[in-house]
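In terms of the numbering used here, the sequence shown has 78 at position 51, counting the first letter as 1, and numbering is strictly consecutive.
Quick reminder that beta carbons are idealized off the backbone N, C-alpha and C, glycines included.
Heads up, the thing below is written out as structure tokens.
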Amino acid sequence: MLYKNANLFLEGKGFVPGGFRVEQGRFSAVFEGSVPWEGTDLEGAYVIPGLVDGHIHGAAGADFSDGDEEGLARMGRYLALRGVTSFAPTSMTLPYETLEKAFRTAARLVEHRPDGCARIAGIHMEGPFFSKQQKGAQNGAFLKLPDFEAFRRLYHGCGGLIRIVDTAPELPGAAAFAEKAAALCTVSAAHTDADYDTAKRFFAAGARHLTHLYNAMPGIHHRAPGPIGAAAEREDVTAELICDGCHVHPSAVRMAFRLFPGRICLVSDALRCCGLQEGAYELGGQRVWLKDGVARLANGTIAGAACDLYDDMGHAIAFGIPVEDAVRAATIVPAQRLGCAGELGSIAAGKYADFIVCNERLERKRVFLGGQALAG
Numbered sequence: 028m029l030y031k032n033a034n035l036f037l038e039g040k041g042f043v044p045g046g047f048r049v050e051q052g053r054f055s056a057v058f059e060g061s062v063p064w065e066g067t068d069l070e071g072a073y074v075i076p077g078l079v080d081g082h083i084h085g086a087a088g089a090d091f092s093d094g095d096e097e098g099l100a101r102m103g104r105y106l107a108l109r110g111v112t113s114f115a116p117t118s119m120t121l122p123y124e125t126l127e128k129a130f131r132t133a134a135r136l137v138e139h140r141p142d143g144c145a146r147i148a149g150i151h152m153e154g155p156f157f158s159k160q161q162k163g164a165q166n167g168a169f170l171k172l173p174d175f176e177a178f179r180r181l182y183h184g185c186g187g188l189i190r191i192v193d194t195a196p197e198l199p200g201a202a203a204f205a206e207k208a209a210a211l212c213t214v215s216a217a218h219t220d221a222d223y224d225t226a227k228r229f230f231a232a233g234a235r236h237l238t239h240l241y242n243a244m245p246g247i248h249h250r251a252p253g254p255i256g257a258a259a260e261r262e263d264v265t266a267e268l269i270c271d272g273c274h275v276h277p278s279a280v281r282m283a284f285r286l287f288p289g290r291i292c293l294v295s296d297a298l299r300c301c302g303l304q305e306g307a308y309e310l311g312g313q314r315v316w317l318k319d320g321v322a323r324l325a326n327g328t329i330a331g332a333a334c335d336l337y338d339d340m341g342h343a344i345a346f347g348i349p350v351e352d353a354v355r356a357a358t359i360v361p362a363q364r365l366g367c368a369g370e371l372g373s374i375a376a377g378k379y380a381d382f383i384v385c386n387e388r389l390e391r392k393r394v395f396l397g398g399q400a401l402a403g
């Protein structure tokens, strides 16, 4: 199938006039300029790659940590319709046996992906190696010290599907854990009370990512730059950013893109309440209330988000982030960090034909998954 007369978002070029061909679910060719052959005329529509969410717990009533195959598939279908065509289901701080069940469920859906379901690009293991002081909405009853052997068993138990594992740098054994785990996946600093020097040693040991920048970590102080300062100084470290208008102030969003140029991964951190009405929900064995678009624990702690990555990308643009930077932060940058940029994250020959047809304001018109238009 040939598509022409579109404004394509191409890596390193931004939006350029052109077209593309799709064969067997992948882009087989991408053309710049006028396409003379017969094909589907997109009439000047804007086309961006399908979004890649590297940190999402749930949506549409499902939570990855439930370990429920149908629930995870429902979550994937919901995301695909929203233009999030790939995602890394993210666990909570829970017992190892609960994590093992959830991880194996994800592996089964990778092996047999249901029709219309967003692709699972890997697992993000958030917890249980966190600081009590910065546990946020994580369940303190299940916190543990970094344990590489336990992690390794979980990793191999799901066929190596874990792409990101989180750890607080200040915990005993964290640097040694990072050095070993970095050989298997991306290690991320998260839910941490680390100072600058401790975080710097953690990144030097092999960590290359910062989970939900600003949240559940010390802020930047001119005499105590903390983990944010340590991460920003390294050009090989990426940083997640929740851009729902609640977790991070618009000014801090703009600051983040300046601190980490080309290295921001927009993430949703969405919970099972994403896409649903206000009310009470469950998260990692704890009660969560969604009200006025914000999910909180009983003590008022913000507990994840209630909007999806496509909304987050739109918020980033509304907050003053250049369109090209916002799109990259929701597509190719997370794909690179998850180790799947060879197949996802941009419109290029050989990659999966996951793309979104939009208007000039990037409002969704149609979503395509593997070259097939999704109904809904």
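query: Identify whether Asn116 lies in helix, strand or coil by the three-state DSSP scheme.; result: According to the sequence as given, residue 116 is Pro; it is not Asn. Strand at Pro116.
query: Among residues of its own chain, excluding the 5 on either side of Leu268, which ones have a beta-carbon nearer than 6 Å to its beta-carbon?; result: Leu240, Ala283, Ile291 and Leu293
query: Return the first residue and the last residue of the alpha helix (DSSP H) that Met28 is part of.; result: No alpha helix (DSSP H) contains Met28, which DSSP labels as neither H nor E.
query: Got a sec, what are the start and stop residues for the alpha helix (DSSP H) Ala322 sits in?; result: No alpha helix (DSSP H) holds Ala322; the beta strand (DSSP E) holding it covers Val321 to Arg323.
query: Return the first residue and the last residue of the alpha helix (DSSP H) that Gln363 is part of.; result: Ile359 to Arg364
query: Please name the residue, chosen from His139, Met152 and Gly103, that lies closest to Tyr123 on a Cα-to-Cα basis.; result: Met152
query: Assign Glu59 to one of three DSSP states: helix, strand, or coil.; result: strand
query: Assuming Phe130 and Gly85 form a contact by the criterion Cβ under 8 Å, report the distance between their Cβ atoms to the nearest whole angstrom.; result: Phe130 to Gly85, Cβ: 15 Å. No contact.
query: Look at Val384 and Lys378 and say whether their C-beta atoms are less than 9 Å apart.; result: no
query: Answer yes or no: do Arg235 and Thr213 have a C-beta to C-beta separation smaller than 9 Å?; result: yes
query: Contact defined as beta carbons within less than 8 Å: I believe Val280 pairs with Cys273. What is the distance between those atoms, to the nearest angstrom?; result: Contact flag wrong, Cβ pair sits at about 12 Å.
query: Do you know offhand how far Met244's Cα is from Leu35's?; result: 38 Å
query: Looking at Thr219 and the ligand FMN, is the gap between the Cβ and the nearest heavy atom below 8 Å?; result: No copy of the ligand FMN occurs in the structure displayed, which carries no ligand at all.
query: Mind pulling the alpha helix (DSSP H) runs of 4 or more residues that sit fully within the region 226-267?; result: 253-259
query: List, from N- to C-terminal side, the beta strand (DSSP E) runs of 3 residues or more that fit wholly inside the region 367-396.; result: 382-385 and 391-396
query: Could you check whether the region 162-173 touches the region 131-149, counting it as contact only if at least three pairs of C-beta atoms, one from each stretch, sit closer than 8 Å?; result: no
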